[in-house]
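All the letters of the sequence shown, read from the start, carry residue numbers 3 to 64 under our numbering.
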Amino acid sequence: SQKLENRSLARRRIVIEHVNRCLKIFRILSGRYRNRRTRFGLRCNLLAAIYNLEGRLASGFS
């Protein structure tokens, strides 16, 4: 039913919102990016790796 589909979508969306929150804390998405554009992707990937590592550390590397 539509209610179950909406619930499934909401579960996936909340994960993405938490990642966006993390990137805003690192201030890469919260304001204007003032460094070289060529490094923007690199920095986003680096912050994503830090975020993923934090998650693995919190769960005990499982």
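Note that the Cβ used here is the ideal one computed from N, Cα and C, for glycine as well.
**Message:** Measuring only the C-alpha atoms, how far is L25 from A50?
**Reply:** 8 Å
**Asked** With a CB to CB cut of under 6 Å and the five nearest residues on each side skipped, what residues in its chain are close to L31?
**Response** L25
**Request:** Give the range of the alpha helix (DSSP H) segment to which F42 is assigned.
**Result:** 42-60
**Asked** Skipping 5 residues on each side, what residues in its chain have a beta carbon closer than 7 Å to that of F42?
**Response** Y35
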